[in-house]
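**Q**
Residue numbers (this note's numbering): 1 to 43.
1) So what does residue 29 bridge to, in DSSP terms?
2) Please report the distance separating the alpha-carbon of residue 41 from that of residue 34.
3) Sort 16, 7, 10, 3 by Cα distance to residue 43 and report the nearest one.
4) Does DSSP classify residue 9 as helix, strand or coil?
5) DSSP three-state call for residue 22: helix, strand or coil?
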């Protein structure tokens with residue numbers, strides 16, 4: 001089971017495409033019995 005948080009893409013003017021996901025500032029950790037993942041995308 002997963003819970004995802006974010007915003008609708010339709011709320012933004014998206015004119016670039018994601019090139020890659022980078023390991024820079026990537027975070028995967030267990031906190032308060034939940035897993036948290038954070039990624040940075042290159043555009």
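Even glycine gets a Cβ: it sits at the ideal position worked out from N, Cα and C.
**A** Taking the structure as given:
1) Note: residue 29 sits in a beta bridge opposite 36.
2) Distance from the CA of residue 41 to the CA of residue 34, rounded to the nearest whole angstrom, comes to 23 Å.
3) Nearest of 16, 7, 10, 3 to residue 43, Cα basis: 16.
4) When DSSP states are grouped into helix, strand and coil, residue 9 belongs to the helix group.
5) Residue 22: strand per DSSP, three-state reduction.
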